[in-house]
């Protein structure tokens with residue numbers, strides 16, 4: 001167990017506020033194995049954006065060492081990864097942001113996404129200066145309307161970069177692989193994609209986590225799992241991934257730091273949102289929205305309290321009142337054993353992050369990425 | 001202008017994704033002066049929790065150097081502040097989390113909040129070991145039901161710590177200083193507070209930003225401004241602070257990194273939430289929820305686009321479609337001049353953070369604190 005700041009690296013120094021994120025590398029490995037089982041013919045880009053979705057890079061490269069490549073957003077993260085000794089492939093998911101990064105990208109041996117005309121021009125002008133041609137993942141906008149070339153422009157861009165000797169790959173991204181009733185569907189996007197690349201022989205990269213789980217016809221040569229590596233659901237609903245047997249990688253814990261005894265009618269926290277229906281005991285937990293816990297969390301959002309019942313069993317105690325910057329309150333009526341210093345889990349093994357997300361009208365992705373730098377991280 | 005990572009310090013190294021938070025120290029100074037004008041008889045604890053509400057500590061100590069003291073959550077931050085040469089007072093807002101921090105707190109000359117019986121016991125046992133008695137801010141739970149002693153227990157705790165030679169102060173926190181129609185009101189809490197401290201002579205600390213702005217009868221000897229120092233509203237509504245003439249300290253900017261031309265009926269982003277009512281042009285901005293921008297932001301949330309109109313004037317372009325992890329989309333129908341590389345402001349001078357918060361069902365506090373460590377910071 002190592003302890004630093006939740007950036008690239010785990011926390012060093014005194015850990016005094018009781019909040020702590022522990023990152024389980026064995027769960028990373030397990031989830032990566034699940035991707036292999038679901039997409040045995042594909043290579044895997046493990047997506048490490050946003051400090052590995054808030055999990056810290058050190059933990060991710062330890063747990064995901066058997067991946068085929070890491071997909072990143074930021075060339076500085078690629079540099080860091082090479083400094084750690086990573087010899088496998090690295091994909092920059094939005095390509096380069098400035099032309100002057102081309103030499104560094106070469107030096108770091110990065111694969112590049114190319115999603116717009118400007119980036120095509122940079123690569124054309126770089127032709128000949130490359131000591132080794134870049135692997136290019138040309139991004140098609142097949143209906144999501146975010147990054148990429150429209151089908152009508154895609155083939156031209158492909159031919160230009162192919163003519164400039166880059167090693168071409170086809171890539172697109174699905175807008176609704178996690179939902180059945182939305183437009184454009186995976187099938188619609190696949191039809192656009194397949195028609196557009198017809199006759200342009202090159203490896204493909206298609207599937208995000210949702211497609212890996214639910215659209216086995218849309219995997220491609222390189223899959224790009226993100227959220228499922230972290231053990232959370234692409235849909236935001238834990239029930240949708242129960243069958244997939246993923247494991248939560250981050251366990252976010254804290255402690256009760258104060259207890260209040262309320263009389264009937266007393267109110268809790270800012271705005272007095274919760275009113276005690278009877279005399280009751282509440283616990284104040286050292287975790288708030290400035291730790292990354294969602295302020296949108298409603299009364300009833302589950303918090304696991306270890307050793308809570310009279311006979312020492314853990315159980316869920318719901319949130320009461322609005323989450324504040326550094327603290328939240330939980331209902332201890334079922335938890336007579338809970339006291340100052342009792343450990344709670346905000347999400348992880350006992351409470352899926354998806355359940356907290358659902359009670360906050362968002363998805364686990366946002367909560368994991370939002371874990372604040374002030375939360376210490378340990379790698380297990 | 002200095003450029004590091006958004007922790008304590010500004011960003012060092014290559015800044016490649018175009019997103020950037022610039023922190024304006026003159027605005028800090030201006031807002032602190034406004035507090036002085038509103039509470040001329042009080043000393044000021046400038047609240048620096050959560051990396052100075054996401055603004056980075058370096059910028060805050062530069063801009064708020066004329067404060068009377070800094071209020072922090074974490075003793076590690078107090079250590080850092082002393083290392084930077086801060087000689088003024090430091091208050092630990094939740095006191096100590098462990099008894100073994102007492103010596104360090106002495107060494108760093110911290111003032112301590114004491115909010116529970118356990119902390120009283122630690123201090124009683126420490127009596128005599130202190131080379132200088134701590135300043136204690138004894139926290140009363142006057143109705144918010146978060147931290148602190150009930151009135152019935154408060155006087156006993158006060159007498160015990162007073163008998164142990166600590167330098168006592170009275171402290172409480174308001175649940176609803178920003179709202180008129182909620183229980184408990186400031187007046188109700190003030191009545192409880194004044195009755196409880198009757199005859200116990202000691203300085204007081206009462207007002208947060210909302211009380212400083214709107215409850216001039218509830219300031220106390222030490223005020224504790226937080227959100228107003230950062231130029232945002234305690235209520236979450238910018239209109240409520242327009243008269244107070246505060247200045248936004250953080251300007252969060254990014255750039256358009258791709259343009260999409262939509263046909264009528266095309267959909268944008270995950271879930272296809274936005275449907276183009278006509279042919280239209282949209283811009284993809286390098287800012288997403290993993291940067292701290294709220295995924296809850298609705299269609300219509302304002303983004304300021306510089307140099308957007310045909311004659312080069314900046315204007316608001318609303319968000320279309322769901323914010324994704326690294327990107328968001330804006331409607332460019334009124335912005336013919338916008339192109340790849342055009343600079344946008346997500347919040348700051350042109351778009352109050354409160355307006356983004358309101359469109360996301362939260363408050364500016366949460367957005368500012370959530371600015372991610374991957375967002376580079378420059379101090380101006």
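Protein chains in written order, with the working numbering: chain C, 1 to 380; chain X, 1 to 380.
Just so you know, even glycine gets a beta-carbon here, dropped at the ideal spot from N, CA and C.
These numbers come from a predicted model, not from an experiment.
Whole angstroms is fine: what's the gap from residue i's alpha carbon to residue j's?
{"i": "residue 383 of chain C", "j": "residue 210 of chain C", "result": "Nothing can be reported for residue 383 of chain C: it is not among the residues displayed for chain C, which extend from 1 to 380."}
{"i": "residue 161 of chain X", "j": "residue 282 of chain C", "result": "26 angstroms"}
{"i": "residue 7 of chain C", "j": "residue 51 of chain C", "result": "Unreliable placement is indicated for residue 7 of chain C, whose pLDDT of 41 sits below 50; no coordinate value is reported for it."}
{"i": "residue 19 of chain X", "j": "residue 375 of chain X", "result": "6 angstroms"}
{"i": "residue 56 of chain X", "j": "residue 218 of chain C", "result": "44 angstroms"}
{"i": "residue 32 of chain C", "j": "residue 67 of chain C", "result": "7 angstroms"}
{"i": "residue 299 of chain C", "j": "residue 173 of chain X", "result": "22 angstroms"}
{"i": "residue 21 of chain X", "j": "residue 291 of chain X", "result": "10 angstroms"}
If we cut at 7 angstroms on Cβ distances, does residue i have a partner in chain X?
{"i": "residue 373 of chain C", "result": "yes"}
{"i": "residue 293 of chain C", "result": "no"}
{"i": "residue 95 of chain C", "result": "no"}
{"i": "residue 189 of chain C", "result": "no"}
{"i": "residue 183 of chain C", "result": "yes"}
{"i": "residue 332 of chain C", "result": "no"}
{"i": "residue 270 of chain C", "result": "yes"}
{"i": "residue 215 of chain C", "result": "no"}
{"i": "residue 73 of chain C", "result": "yes"}
{"i": "residue 2 of chain C", "result": "Per-residue confidence for residue 2 of chain C stands at a pLDDT of 30, beneath the threshold of 50, marking its modelled position as unreliable; no derived number is given."}
{"i": "residue 366 of chain C", "result": "yes"}
{"i": "residue 68 of chain C", "result": "no"}
{"i": "residue 358 of chain C", "result": "no"}
{"i": "residue 19 of chain C", "result": "no"}
Would you call residue i buried or exposed, if buried means 16 or more other Cβ atoms sit within 10 Å of its Cβ?
{"i": "residue 152 of chain C", "result": "exposed"}
{"i": "residue 301 of chain X", "result": "buried"}
{"i": "residue 131 of chain C", "result": "exposed"}
{"i": "residue 5 of chain C", "result": "For residue 5 of chain C, the predicted structure reports a pLDDT of 34, less than 50, and the residue's modelled location is therefore unreliable. The matter cannot be settled from this model."}
{"i": "residue 26 of chain C", "result": "exposed"}
{"i": "residue 165 of chain X", "result": "exposed"}
{"i": "residue 58 of chain X", "result": "buried"}
{"i": "residue 194 of chain X", "result": "exposed"}
{"i": "residue 365 of chain X", "result": "buried"}
{"i": "residue 278 of chain X", "result": "exposed"}
{"i": "residue 85 of chain X", "result": "exposed"}
{"i": "residue 308 of chain X", "result": "buried"}
{"i": "residue 208 of chain X", "result": "buried"}
{"i": "residue 49 of chain X", "result": "buried"}
{"i": "residue 83 of chain C", "result": "exposed"}
{"i": "residue 379 of chain C", "result": "buried"}
{"i": "residue 156 of chain C", "result": "exposed"}
Taking 7 angstroms as the threshold (beta carbon to beta carbon), is residue i in contact with chain C?
{"i": "residue 100 of chain X", "result": "no"}
{"i": "residue 369 of chain X", "result": "yes"}
{"i": "residue 196 of chain X", "result": "no"}
{"i": "residue 50 of chain X", "result": "yes"}
{"i": "residue 208 of chain X", "result": "no"}
{"i": "residue 170 of chain X", "result": "no"}
{"i": "residue 252 of chain X", "result": "no"}
{"i": "residue 290 of chain X", "result": "yes"}
Looking at residue j and residue i, is the spacing between their C-beta atoms short of 7 angstroms?
{"i": "residue 390 of chain X", "j": "residue 205 of chain X", "result": "Examination of residue 390 of chain X is not possible in this model, given that chain X is present from 1 through 380 alone."}
{"i": "residue 216 of chain C", "j": "residue 47 of chain C", "result": "no"}
{"i": "residue 53 of chain X", "j": "residue 293 of chain X", "result": "no"}
{"i": "residue 322 of chain X", "j": "residue 280 of chain X", "result": "no"}
{"i": "residue 146 of chain X", "j": "residue 269 of chain C", "result": "yes"}
{"i": "residue 24 of chain X", "j": "residue 320 of chain X", "result": "no"}
{"i": "residue 258 of chain X", "j": "residue 284 of chain X", "result": "yes"}
{"i": "residue 91 of chain C", "j": "residue 60 of chain C", "result": "no"}
{"i": "residue 342 of chain X", "j": "residue 256 of chain X", "result": "yes"}
{"i": "residue 114 of chain X", "j": "residue 128 of chain X", "result": "no"}
{"i": "residue 381 of chain X", "j": "residue 102 of chain X", "result": "No answer is possible for residue 381 of chain X: the residues shown for chain X start at 1 and end at 380."}
{"i": "residue 108 of chain C", "j": "residue 79 of chain C", "result": "yes"}
{"i": "residue 16 of chain C", "j": "residue 126 of chain X", "result": "no"}
{"i": "residue 327 of chain X", "j": "residue 289 of chain X", "result": "no"}
Just checking my contact of residue i with residue j at CB under 8 angstroms: how many whole Å lie between their CB atoms?
{"i": "residue 247 of chain X", "j": "residue 345 of chain X", "result": "14 angstroms between Cβ atoms; not a contact."}
{"i": "residue 303 of chain X", "j": "residue 377 of chain X", "result": "Actually they are not in contact, since the Cβ atoms of residue 303 of chain X and residue 377 of chain X sit about 20 angstroms apart, beyond 8 angstroms."}
{"i": "residue 232 of chain C", "j": "residue 354 of chain C", "result": "6 angstroms"}
{"i": "residue 35 of chain C", "j": "residue 212 of chain C", "result": "6 angstroms"}
{"i": "residue 75 of chain X", "j": "residue 104 of chain X", "result": "6 angstroms"}
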